[in-house]
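Worksheet: one structure, shown below.
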Amino acid sequence: MSTILLVDDEEDALWIFQLALESQGYHVILANSGQAALSKASRCLPDLIVTDWNMPGTDGVELCERLKYYPALAQIPIVMSSGDTPPKEKSSLWNVFLPKPVELSALESVIGSLLARRLASPHHDTHVPAPAPSRWPAMPVKLLF
Numbered sequence: 021m022s023t024i025l026l027v028d029d030e031e032d033a034l035w036i037f038q039l040a041l042e043s044q045g046y047h048v049i050l051a052n053s054g055q056a057a058l059s060k061a062s063r064c065l066p067d068l069i070v071t072d073w074n075m076p077g078t079d080g081v082e083l084c085e086r087l088k089y090y091p092a093l094a095q096i097p098i099v100m101s102s103g104d105t106p107p108k109e110k111s112s113l114w115n116v117f118l119p120k121p122v123e124l125s126a127l128e129s130v131i132g133s134l135l136a137r138r139l140a141s142p143h144h145d146t147h148v149p150a151p152a153p154s155r156w157p158a159m160p161v162k163l164l165f
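The structure is reproduced here in structure tokens:
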């Protein structure tokens, strides 16, 4: 069973896509912000990420940039979605762009294609460790006691 991380600040969109994808047999994890998505992606290493572009705080483009920074997350296929036209200079950050409103059949087709390609790839490794949190600088042990 493949795991899909859905990222959108619109709760209704998350709910609709979650129901549809779970009915197709996918395990779905939800995040309502880019920051929450980054945290969840590093913990669960999803097989695919579907993200909205326009979100408050960490938007979809910044999320993609951060995901590409970590080797364990960089190879996860990403589907970007927005009602706006994406900038061409950023298009290498995601695999597929779907304009909103997203048709469920189009999303399911793209997900199936990307997952099939990922699972067939010789570079696909499901045992890559998640990145260690780097929020705090390394501290000498003697300072901790």
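Residue 21 is where the sequence shown starts when you use my numbering, and the numbers rise one by one after that. Where a beta carbon is used, it is the ideal one built from N, C-alpha and C, also for glycine.
If you ignore the 5 residues before and after Pro121, its C-beta comes within less than 6 angstroms of no other C-beta in its own chain. Between Leu34 and Leu25, the C-beta gap is not smaller than 8 angstroms, which leaves the two residues out of contact. For the pair Asn52 and Asp29, the CB atoms are nearer than the 8 angstroms cut-off. Bounds of the beta strand (DSSP E) holding Ser101 are Ile98 to Ser102. Per DSSP, Leu68 lies in no alpha helix (DSSP H) segment; the continuous beta strand (DSSP E) that holds it begins and ends at Leu68 to Asp72.
Using a 10 angstroms sphere on the CB of Tyr89, the tally of other CB atoms stays under 16, which defines it as exposed.
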